[in-house]
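Notes follow the structure.
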Amino acid sequence: MTTMAKDMHGAGAMKDQGPGKAQPAGTPASDLLPDQTLVKWLRDMLLIREFEMRCAQSYQQAKIGGFCHLYTGQEAVAVGTIASVEHDDPIVTAYRDHGHALARGMSPAACMAEMYGKVTGCAKGKGGSMHMFDRPNWLFGGHGIVGAQTPLGTGLAFAARYEWEVLGASVDGGPAKKKVSLAYLGDGALNQGALHEAMNLAGLYSIPVIYIVENNGYSMGTAIDRGTTMAHDLRKKADAYGIRGEIIDGFDVVSLYDHFKPVVDWCRAEQRPAFIDLKTYRYLGHSMSDPQKYRTKDEVEAFKGKDSIDALASRLMSADSPRAKKRGGPILDEAALQALQAEVREEVRRAVDEAEAAPTPDAAELYTDVFLNPQPNLSPSGDYTHGSRNPLL
Amino acid sequence: MASANAVLSPHVDAILPRTRPPLPDFTAELPPFEAAPGRERLIQFREALREAMSEEMRRDKRVFLLGEEVAQYNGAYKISQGMLDEFGPKRIIDSPISENGFAGLAVGAAMYGLKPIIEFMSWSFSLVAADQILNNVPKMLYMSGGQWGCPVVFRGNDGAGGQLGSTHSWCVEGLYSNVPGVKIVIPSNPYDAKGLLKTAIRDYDPVFFLESERMLGDKAHVPEEEYYIPFGQAHLRREGGDCTLVSFGRPVNFCLEADAALRKDGIECDVLDMRTIRPLDIDSIIRSVRKTGRLVVVDQCWPFASVASEVITQVVERAFDWLDHQPLRVNTEDVPTPYAKNLEAEYLPNPAKIAAAVRRSLGR
Chain G
100 MTTMAKDMHG
110 AGAMKDQGPG
120 KAQPAGTPAS
130 DLLPDQTLVK
140 WLRDMLLIRE
150 FEMRCAQSYQ
160 QAKIGGFCHL
170 YTGQEAVAVG
180 TIASVEHDDP
190 IVTAYRDHGH
200 ALARGMSPAA
210 CMAEMYGKVT
220 GCAKGKGGSM
230 HMFDRPNWLF
240 GGHGIVGAQT
250 PLGTGLAFAA
260 RYEWEVLGAS
270 VDGGPAKKKV
280 SLAYLGDGAL
290 NQGALHEAMN
300 LAGLYSIPVI
310 YIVENNGYSM
320 GTAIDRGTTM
330 AHDLRKKADA
340 YGIRGEIIDG
350 FDVVSLYDHF
360 KPVVDWCRAE
370 QRPAFIDLKT
380 YRYLGHSMSD
390 PQKYRTKDEV
400 EAFKGKDSID
410 ALASRLMSAD
420 SPRAKKRGGP
430 ILDEAALQAL
440 QAEVREEVRR
450 AVDEAEAAPT
460 PDAAELYTDV
470 FLNPQPNLSP
480 SGDYTHGSRN
490 PLL
Chain L
-12 MASANAVLSP
-2 HVDAILPRTR
8 PPLPDFTAEL
18 PPFEAAPGRE
28 RLIQFREALR
38 EAMSEEMRRD
48 KRVFLLGEEV
58 AQYNGAYKIS
68 QGMLDEFGPK
78 RIIDSPISEN
88 GFAGLAVGAA
98 MYGLKPIIEF
108 MSWSFSLVAA
118 DQILNNVPKM
128 LYMSGGQWGC
138 PVVFRGNDGA
148 GGQLGSTHSW
158 CVEGLYSNVP
168 GVKIVIPSNP
178 YDAKGLLKTA
188 IRDYDPVFFL
198 ESERMLGDKA
208 HVPEEEYYIP
218 FGQAHLRREG
228 GDCTLVSFGR
238 PVNFCLEADA
248 ALRKDGIECD
258 VLDMRTIRPL
268 DIDSIIRSVR
278 KTGRLVVVDQ
288 CWPFASVASE
298 VITQVVERAF
308 DWLDHQPLRV
318 NTEDVPTPYA
328 KNLEAEYLPN
338 PAKIAAAVRR
348 SLGR
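In order, the protein sequences belong to chains G and L. In this text, residue positions in the first sequence follow the numbering used here: the first is 100, and each later residue adds one. In this text, residue positions in the second sequence follow the numbering used here: the first is -12, and each later residue adds one.
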């Protein structure tokens, strides 16, 4: 293991998280969840892993172009955090975004078709891997410039607060309610000015945004302590902006939920921001073109040893857990797990087949979706028009 | 003239909040630009801007104003004077000096369904927010495959002020008009400032609204009644058959001065105030060039790859055979903005340079 990995994920940092550690008060939040919710989490994580595996295959076959950043290893983060918020709480993320899209409920078919640049994709083939947008599921993108999505996440929560505080109704005229937004970022975004300006505004205006640092230890090939000060305790950065800071283990999705859900509840009730250093690890390279010379195979294998999917599967298959004892047997047996895996494999296989069969965007779509109110003479090279309806709308 | 009443997307209701006001009715006739002597309602450019924002904020609670010193200080240039008192601190919001942060906040808020007006004290400062305003604002609708627009109005002072030096004197229209996905509005007088800003706030797309510190105290007639000036329709300020003078923003006033001087020598120009750069009313320019055969474009940006270059290119592409002289442009000199008063005056377009260009075009 490199120094970085020991410091960030080894014995030191994880065991002694200091006074800011999110402590579940009394009953762990997950105890209130039905068994089926935990099974659903397992299914979602399996789906993301299978999806990314098939993305890698298609990328190697040159069926997917551009950059392609895979989520493998980090599945518990998207699944556990998204499970902690309401469906209409807005979320925004960076370019490693397939996991968030699937966890939020985007169909694998729409997600895969976007990777393929097909008209059935979530952005009609105009976005690509880094721009997964899903309006019905309140996913405000998939953003390509490191850190640039964090002011957006702040603005989403600002607007949600404005709804109940100023409008007294939702922007669509329905009842207003107290919301939070989730703004995901990688640890590589920690040193972007956009994040610090966003955090200052969130602290200043009391905006209920939760910045979730998916801390996988590397910004591309740079270990966190080579690029970020105070990497051993990122909560200090939140302190500077008057924002609640927490360190949460992102390897065990149940524990993640137990620690993260109370923070969400607090942010929602108090309408205050929070900043989470969420420890995770990516098994694959930064992108598909990364030879990974900055870390050892041993380090990667060590993290695979505490794989979040394995951990949840064995928890659900254990006969000794409190849940198992209560119901008189394990929640999941080997056959049920295999059935789940087969189901997910089939779903992703279908998504790939559909993406391959789907048509490419019509050339006429080049000049659509540039303006909502396209007027004559906006461009010397063509007239903007309205295009086909987005398949998700 | 092209119709400004747009044919809206059939999907627009799935994208924009249902509480939004409709687009203005542009078939209504505009009130007279000038009033009879004694009947004028003379107000300053800054007051016209304030009236536009206040009227739209009264209409639509989704609209808010955020920027440096807009609230408690009553506006660095007193544009928002009194608005905090009327609308309160939840809608007139002081921001720290943090352009990238608050521009990005506006992007998120607009996607969610609010209607932000973001004041840049100077467009020079927008450069530190370039990623948000050039990478996110104009591209959001496209890269989301038509799921989210980004209807923010960014407004503030553009162009050289009074001896503000090299970094504070930006004209951003040349740079920013290169990017598809935003509408760019640049009024030259109080009447237009009000009618165009109201249209900008009601529009469904992002708008960059370029004001000028040097014009904020200018007074002119602004009608009492509400009116909306459509984008993409130039205003023919003077009519003449000898040469077409095209400009936008503050230098329109220099063109009017040049034209007045030239008329004493019997030279009469069509003076076209473009009002908006995107959309660009090229049809009106072509119509005038077909009449005059001559074109001088006056632009307060640097010459290289400027709006003037674009106007001339489009005229050459579409009306080459109608030209009796090669088109000319009067830009700022191609150097960083100097401080010394005489050098700054030398650097900027002015009536003498414009008149000289018109004479050159006419061979007189």
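Virtual Cβ for every residue (Gly too), placed ideally from N, Cα, C.
Just confirm the distance between the C-beta atoms of residue 306 of chain L and residue 254 of chain G, as a whole number of angstroms; I'd bet it's less than 8 Å.
Actually they are not in contact, since the Cβ atoms of residue 306 of chain L and residue 254 of chain G sit about 44 Å apart, beyond 8 Å.
Let me make sure I understand the geometry here. Which of L:94, L:173, L:133 has the alpha-carbon closest to that of residue 116 of chain L?
L:94
Mind checking if residue 296 of chain G is an interface residue toward chain L, Cβ cutoff 7 Å exclusive?
yes
Would you say residue 402 of chain G reaches chain L, if we count a Cβ-Cβ gap shorter than 7 Å as a contact?
No, residue 402 of chain G does not count as interfacial toward chain L.
I want to know whether the stretch 159 to 169 of chain G touches the stretch 351 to 370 of chain G - three or more CB-CB distances under 8 Å.
Three or more Cβ pairs closer than 8 Å define a contact, and the stretch 159 to 169 of chain G falls short of that threshold against the stretch 351 to 370 of chain G.
Candidates G:491, G:486, G:490, G:492: which alpha carbon is nearest residue -4 of chain L's?
Residue -4 of chain L has its Cα closest to that of G:486, out of G:491, G:486, G:490, G:492.
Just the C-alpha distance for residue 285 of chain L and residue 193 of chain L, rounded to the nearest angstrom, thanks.
The alpha-carbon atoms of residue 285 of chain L and residue 193 of chain L are separated by roughly 26 Å.
Can you pull the chain L neighbours of residue 244 of chain G, defined as C-beta to C-beta under 7 Å?
118, 122
Could you check if residue 243 of chain L is buried or exposed, using at least 16 other CB atoms within 10 Å of its CB as the buried criterion?
buried
Please state whether the Cβ-Cβ distance between residue 361 of chain L and residue 489 of chain G is less than 7 Å.
Given that chain L is displayed from residue -12 to residue 351, the structure contains no residue 361 of chain L and the question cannot be resolved.
Go ahead and pull the three-state DSSP assignment for residue 333 of chain L.
helix
Kindly indicate the opening and closing residues of the beta strand (DSSP E) around residue 263 of chain L.
263 to 265
Grab me the residues of residue 140 of chain G's own chain with a C-beta within less than 7 Å of its C-beta, minus the 5 sequence neighbours each way, in chain order.
178, 182, 352, 411
Could you give the DSSP three-state label for residue 29 of chain L: helix, strand or coil?
strand
Determine whether the Cβ of residue 87 of chain L lies closer than 7 Å to any Cβ atom of chain G.
yes
Provide the residue span of the beta strand (DSSP E) that contains residue 234 of chain L, from first to last.
230 to 234
How many angstroms separate the CA atom of residue 289 of chain G from the CA atom of residue 44 of chain L?
37 Å
Can you list the residues of chain L that residue 265 of chain G reaches, using a CB-CB cut of under 8 Å?
Residues of chain L passing the Cβ test: 48, 51, 77, 78.
Measure from the C-beta of residue 41 of chain L to each C-beta in chain G and report whether the shortest distance is under 7 Å.
Residue contact check for residue 41 of chain L against chain G: no CB pair falls below 7 Å.
By Cβ distance below 8 Å, which residues in the same chain neighbour residue 206 of chain G in space, the five residues on each side in sequence not counted?
So the list reads 450, once near-sequence residues are dropped.
To the nearest angstrom, how far is the alpha carbon of residue 271 of chain G from that of residue 81 of chain L?
The alpha-carbon separation between residue 271 of chain G and residue 81 of chain L amounts to approximately 27 Å.
Among L:162, L:149, L:8, which one has its Cα closest to the Cα of residue 331 of chain L?
L:149
Applying the criterion that 16 or more other CB atoms from any shown protein chain within 10 Å of the CB defines a buried residue, is residue 388 of chain G buried or exposed?
exposed
Flag residue 161 of chain L as yes if its beta-carbon sits less than 7 Å from any beta-carbon of chain G, otherwise no.
no
With a Cβ-Cβ cutoff of 7 Å, do residue 163 of chain L and residue 141 of chain L count as a contact?
no
Going along chain G, which residues have a C-beta under 7 Å from residue 5 of chain L?
271, 272
For a cutoff of 7 Å on Cβ pairs, would you count residue 476 of chain G as touching chain L?
True, the Cβ-Cβ gap to chain L drops below 7 Å.
If the criterion is Cβ atoms closer than 7 Å, does the pair residue 514 of chain G and residue 439 of chain G meet it?
Given that chain G is displayed from residue 100 to residue 492, the structure contains no residue 514 of chain G and the question cannot be resolved.
If you count every other CB in all the chains shown that lies within 10 Å of the CB of residue 492 of chain G, and 16 or more means buried, which is it?
exposed
Using a Cβ-Cβ distance cut-off of 7 Å, determine whether residue 488 of chain G contacts chain L.
yes
Please identify the residue among L:204, L:202, L:59, L:110 whose C-alpha is closest to the C-alpha of residue 161 of chain L.
A check of alpha carbon separations from residue 161 of chain L across L:204, L:202, L:59, L:110 identifies L:110 as the nearest.
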